[in-house]
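Peer 1: Sharing a structure, written as structure tokens. Questions coming.
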Amino acid sequence: GDSVTQMEGPVTLSEEAFLTINCTYTATGYPSLFWYVQYPGEGLQLLLKATKADDKGSNKGFEATYRKETTSFHLEKGSVQVSDSAVYFCALRHTNTGNQFYFGTGTSLTVIP
Amino acid sequence: EAQVTQNPRYLITVTGKKLTVTCSQNMNHEYMSWYRQDPGLGLRQIYYSMNVEVTDKGDVPEGYKVSRKEKRNFPLILESPSPNQTSLYFCASSSPGLLNEQFFGPGTRLTVL
């Protein structure tokens, strides 16, 4: 069945460091892919999305490219800030499974000054 | 303001005492879902609903019930709560299209003693 695999956390970085959080998926066809962010004490909110192969989603300095050939959607940011400390979830949505959403386990990021 | 609301936000109860967590959305979304979030396990789907009177089990439905009598509301019912249902619960809603993201509520922190 469909699934999403994220890199294990937690991740700790210094401010202005480069961030990569790996995400790979298993699905037939062409699902839509999402990154959600959960700040401490809050619900999840959409960070970015991509809906077809080679699409690049971007928001708040974060980027992720939909790679069909490697079934990946890695999240990157060139220079993280303390305010980026949060839990990040990769997710997919697929028509083949009734438009269901599948989430990764989440990756906790802490950015230290 | 478009939003998903949940009540209560925090609840401490005792084993066996029936409870209901309400969820309401004002975006006219057909799709609604309940998740629980536990450390190290990410988000796990409990139940989802494609539309009024249409509900289906997610990955961890045991011990939970739901109903969808109106489009905007999707309550989660714990008939006889147990300590292993202590968790952080999120309701979410979405339009049915593949391109559409889910909108999440702020979460309900439930403790069952």
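In order, the protein sequences belong to chains A and W.
When you read off a place in the first sequence, starting at 1, and then add 30, the result is the number in the working numbering.
When you read off a place in the second sequence, starting at 1, and then add 980, the result is the number in the working numbering.
Built from N, CA and C at the ideal position, the CB exists for glycine as well.
Distance cutoff 8 Å, beta carbons only. Does GLN1082 of chain W sit that close to anything in chain A?
Peer 2: yes
Peer 1: Can you give me the C-alpha to C-alpha distance between ARG123 of chain A and GLY996 of chain W, rounded to a whole angstrom?
Peer 2: 36 Å
Peer 1: Name the chain A residues that come within less than 8 Å of LEU1021 of chain W, Cβ to Cβ?
Peer 2: In chain order: THR135.
Peer 1: Under three-state DSSP, which class holds ASP114 of chain A?
Peer 2: DSSP places ASP114 of chain A in helix when its eight states are reduced to three.
Peer 1: Is the beta carbon of GLU38 of chain A sitting closer than 8 Å to the one on VAL110 of chain A?
Peer 2: no
Peer 1: Under 8 Å, do TYR118 of chain A and THR95 of chain A count as touching if we go by C-beta distance?
Peer 2: no
Peer 1: For LYS82 of chain A, collect the residues of the same chain with a Cβ closer than 7 Å to its Cβ; drop the 5 residues on either side in sequence, then sort them by chain order.
Peer 2: TYR60 and TYR96
Peer 1: Could you give the first and the last residue of the continuous beta strand (DSSP E) run that contains ALA1072 of chain W?
Peer 2: That run of the beta strand (DSSP E) goes 1067 to 1074.
Peer 1: Pick helix, strand or coil for ASN89 of chain A, following the three-state DSSP scheme.
Peer 2: For ASN89 of chain A, the secondary structure class from DSSP, reduced to helix, strand or coil, is strand.
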